[in-house]
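Novice: First the structure, then my questions, so here it is.
Number of protein chains: 2
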Amino acid sequence: MEIISNRSNPKIKELRLLKQSKIRRQTGLCLVEGIWHFIEAVEAWRRGGYATLVSVFYSPQLLTSELARKIIDEVQQQGVNCYPITAELFSSVAEKEHPQGVIAVVRPKTILLEDLNANQQDWLVGLVEPQDPGNVGSILRTMDAVGAKGLLLIDGGVEAFHPEVIRASMGAVFWIPVVRTAFQELINWAAMNNYWIYGSSSHGRKEIKSMITYQKPCILLLGSERQGLSQPQRSACHELIYLPMQGRISSLNLAVAAGVMLYDMLAKFSQENNQE
Amino acid sequence: MEIISNRSNPKIKELRLLKQSKIRRQTGLCLVEGIWHFIEAVEAWRRGGYATLVSVFYSPQLLTSELARKIIDEVQQQGVNCYPITAELFSSVAEKEHPQGVIAVVRPKTILLEDLNANQQDWLVGLVEPQDPGNVGSILRTMDAVGAKGLLLIDGGVEAFHPEVIRASMGAVFWIPVVRTAFQELINWAAMNNYWIYGSSSHGRKEIKSMITYQKPCILLLGSERQGLSQPQRSACHELIYLPMQGRISSLNLAVAAGVMLYDMLAKFSQENNQE
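Protein chains in written order, with the working numbering: chain A, 1 to 276; chain B, 1001 to 1276.
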């Protein structure tokens, strides 16, 4: 196959357009850059994760990983379009300063609330209007570690497949169902499916250490970086938990707060399992 | 005072140079941008924090905060040089897209290991070669929340007063002593001062939930984002603790891992206090 070197090649133009959030939303596609994330996306596609591999762009000169090259051969045989491009063109397209030579176009699976099941997805995290893709990615990474089963992105905020979410999640975004929903819709659905909603809020009445156990199915709900949960959002929670804050600053980084809460839940779920 | 509008004004040149890490290191100065962080830096300077206010640049047109304007008047009367500059010039210097109209030049206090005291700074966090200033800032923010008493930056890594550390710390960097040190020097000092070193490592033998209590004075030691603690670094710890990881990814984001550990320590220190 001929190596693409022309910046105005239509495939390269399409690739470049996917750097825009608007185009990602319109097409339902996203970009996955780097060897690790490419391999995770292919794994997810093959083994029932939440991504479909659409096409691959690679620079034979830059891509030194034997494993990545082998995977490109395999997916090509499975019918995925794989385009070799020159190192120079690749570097002009890549986000990374020292690109590893592979970018995949991936179609994340669209998941709706109705696709979730209170028996299987019995532990969810809900983020209201999160603004920082690094936070959303870190939270997905923590959810992978503790075994939480789904992420709800509520009332907008960052896209789930923003390049920085993919990067910070270490690929967990391909393995954890992510649902976009509106707050009231979520609350109705949660009530119908008997989810217990734990809100994280500095206005909470229960300090985290007083939580003896958590019930399932449940949702851990966190507000945006700037505002936390609003009063109406707090009233929709069954319990409001706060973390002790002894210093000058009134809140934690969102991903840190979620991490502390999720590990507390994990510890207390496990205790319960041990007692059964 | 005349409003500076000229890009080649020597004061503006100096200000711009401080965007370079090399110049910050040479001069021992750093930049603090935005109203919140400016006020925190002034507070720290006034009330025994770890920052001295050197000079202030502000745009009378952009700076709408009454409080910030009042503080600028006060510090000017105390002898701090405050330079009004045009909105256009300010925007060309500011990092933020929508600048709030104030940047301060601040001299962080240099703190050495010898300045720390095992009675007062009885709970430290040590980071070996951290690479991400956002992580270091978030960890300082968590340290403020739990009441940890000092940060050790070991064997290089990001500067403590990188603009992104200041931002992510929400100003906590002005209130918590930060010491740069080398690993072996730290270990010797810790031994002499009877610090107990808790290492966070996936190679740890103790799962966090088996930790009944933590002793003081102590240091929570974490490795770099990429590598964690090396084998020799792990052997220098008195106890190695791990967080359960149930998913595909073998580690957490550094700030999340530190947050979970620090809140566990806080909970178990408090229990001990209650029992006394």
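Glycine included, C-beta positions come from ideal geometry on N, C-alpha and C.
Predicted model, so just to flag it, every value in this text is computed and none were measured.
1) Just to confirm my understanding: we take B:SER1065, look at its own chain, exclude 5 residues before and 5 after, and list those with CB closer than 6 Å. What are they?
2) Below 7 Å on C-beta distance, what does B:TYR1195 contact in chain A?
3) Let me confirm a value: A:LEU220 is counted as buried when at least 16 other C-beta atoms fall within 10 Å, else exposed. Which label applies?
4) Look at the alpha carbon of B:ILE1071 and the alpha carbon of A:LEU116, and state the distance between them as a whole number of angstroms.
5) For B:LYS1209, would you say it is in contact with chain A, using Cβ-to-Cβ distances shorter than 8 Å as the test?
6) Name the residues in the segment 1103-1134 of chain B whose C-beta lies less than 8 Å from a C-beta of chain A; which are they?
7) Leaving out five residues on either side along the sequence, give the residues of the same chain with a beta carbon under 6 Å from the beta carbon of A:VAL178.
8) Which class does A:VAL158 belong to by DSSP, given the choice of helix, strand or coil?
9) Against A:VAL260, what residues of chain B qualify as contacts under a CB-to-CB distance less than 7 Å, listed in chain order?
10) If distances are taken between C-alpha atoms only, which option among B:ALA1236, B:VAL1256, B:ASN1081, B:THR1027 comes closest to B:ALA1104?
11) Is it the case that the Cβ atoms of A:VAL128 and A:LEU229 are separated by a distance below 8 Å?
12) Once you ignore the five residues that flank B:ILE1187 on each side, which residues in its own chain have a CB closer than 7 Å to its CB?
13) Compare the C-beta of A:MET1 against all C-beta atoms of chain B and say whether one is closer than 8 Å.
14) Considering just the uninterrupted stretch of the beta strand (DSSP E) at B:PRO1084, what are its terminal residues?
15) Determine the closest residue to A:VAL102 out of A:ILE111, A:PRO108, A:LEU89, A:LEU112, with distance taken between C-alpha atoms.
16) Relative to chain A, which residues along the segment 1140-1152 of chain B have a C-beta separation below 7 Å, given in chain order?
17) Along the segment 161-187 of chain A, what residues have a CB closer than 8 Å to any CB found in chain B?
18) What does B:SER1138 touch in chain A if you count any residue whose Cβ is under 7 Å from its own?
19) Going by C-alpha distance, which of B:LEU1029, B:ASP1155, B:TYR1198, B:ARG1167 is nearest B:GLU1095?
20) What does DSSP give as the partner residues of B:SER1224 in its beta bridges?
21) How about A:VAL260 and B:GLY1171: do their beta carbons lie closer than 8 Å?
22) Is A:LEU229 close to chain B, meaning its C-beta is less than 8 Å from at least one C-beta of that chain?
23) When the Cα atoms are used, what is the spatial distance from B:HIS1037 to A:TRP45?
24) Quick check: the Cα distance between A:VAL32 and A:SER21, rounded to an integer number of angstroms?
25) Quick one: Cα of B:ALA1250 to Cα of A:ILE139, how far?
26) Classify A:TYR198 as helix, strand or coil using the three-state DSSP reduction.
27) Return helix, strand or coil for A:GLY28, following the three-state DSSP convention.
28) Chain A partners of B:ARG1046, CB-CB under 9 Å?
29) To the nearest angstrom, report how far apart A:MET143 and B:ARG1226 are at their CA atoms.
30) I'd like the list of long-range same chain contacts for B:GLN1184, defined as Cβ closer than 7 Å, with 5 residues on each side in sequence excluded.
31) What three-state label does DSSP hand B:THR1181 in the structure shown?
32) Can you tell which of A:ARG180, A:HIS203, A:ARG16, A:LEU67 has its C-alpha closest to the C-alpha of A:ILE111?
33) Under 8 Å Cβ to Cβ from B:GLU1276, same chain only, skipping five residues before and after it: list those, please.
34) Measuring only the C-alpha atoms, how far is A:CYS30 from B:ASN1194?
35) My parser needs the beta strand (DSSP E) runs of 3 or more residues fully inside the segment 1047-1131 of chain B; what are they?
Specialist: Result, derived from the coordinates:
1) Within the same chain, B:SER1065 has close Cβ partners ILE1035.
2) Simply none; closest approach about 21 Å.
3) The residue in question, A:LEU220, is buried, as its Cβ has 16 or more Cβ neighbours within 10 Å.
4) Distance between the alpha carbons of B:ILE1071 and A:LEU116 is about 53 Å.
5) Closer than 8 Å: yes.
6) Under the 8 Å Cβ criterion, the segment 1103-1134 of chain B contributes GLY1134.
7) Excluding the 5 residues flanking it on each side, A:VAL178 has same chain C-beta neighbours closer than 6 Å at LEU151, ALA160, in chain order.
8) Under the three-state reduction of DSSP output, A:VAL158 falls in the coil class, being neither helix nor strand.
9) Simply GLY1259, VAL1260, TYR1263.
10) The shortest CA-to-CA distance from B:ALA1104 to any of B:ALA1236, B:VAL1256, B:ASN1081, B:THR1027 is the one to B:ASN1081.
11) Yes.
12) For B:ILE1187, where only same-chain residues beyond five positions count, the Cβ hits under 7 Å are ALA1236.
13) Chain B, which has no Cβ nearer than 8 Å to the Cβ of A:MET1, makes this no.
14) 1081-1084 is the extent of the beta strand (DSSP E) around B:PRO1084.
15) Looking at A:ILE111, A:PRO108, A:LEU89, A:LEU112, the one whose alpha-carbon comes closest to that of A:VAL102 is A:LEU89.
16) Only ARG1141, THR1142, ASP1144, ALA1145, VAL1146, GLY1147 from the segment 1140-1152 of chain B bring a Cβ to less than 7 Å from some Cβ of chain A.
17) So the list reads ALA168, MET170, GLY171, ALA172, TRP175, given in the order they occur along the chain.
18) Correct list: ASN253, VAL256.
19) Distance from the Cα of B:GLU1095 is smallest, within the candidate group B:LEU1029, B:ASP1155, B:TYR1198, B:ARG1167, for B:ARG1167.
20) According to DSSP, B:SER1224 shares a beta bridge with B:GLY1228.
21) Not in contact: A:VAL260 and B:GLY1171 (Cβ atoms no closer than 8 Å).
22) Answer no: the Cβ-Cβ gap between A:LEU229 and chain B never drops below 8 Å.
23) Going by C-alpha positions, B:HIS1037 is about 45 Å away from A:TRP45.
24) Approximately 14 Å, taken between the alpha carbons.
25) The sequence given here has Ser at residue 1250 of chain B, not Ala. Looking at the backbone, the Cα of B:SER1250 and that of A:ILE139 are separated by about 14 Å.
26) Reduced to three states, the DSSP call for A:TYR198 is strand.
27) Here A:GLY28 sits in coil by DSSP.
28) Neighbours of B:ARG1046 on chain A: none; closest Cβ ~14 Å, over 9 Å.
29) Straight-line Cα distance between these residues: approximately 20 Å.
30) Excluding positions up to five away in sequence, the list is empty.
31) Residue state, collapsed to three classes: strand.
32) Among A:ARG180, A:HIS203, A:ARG16, A:LEU67, the Cα nearest to that of A:ILE111 belongs to A:ARG180.
33) With a pLDDT of only 48 at B:GLU1276, under 50, the local geometry of the prediction cannot be trusted, and the value read off the model is given with reservation. Excluding residues within five positions, none has a Cβ falling inside 8 Å.
34) In this structure, the CA atom of A:CYS30 is about 53 Å from the CA atom of B:ASN1194.
35) Runs of the beta strand (DSSP E) inside the segment 1047-1131 of chain B: 1051-1058, 1081-1084, 1102-1108, 1123-1128.
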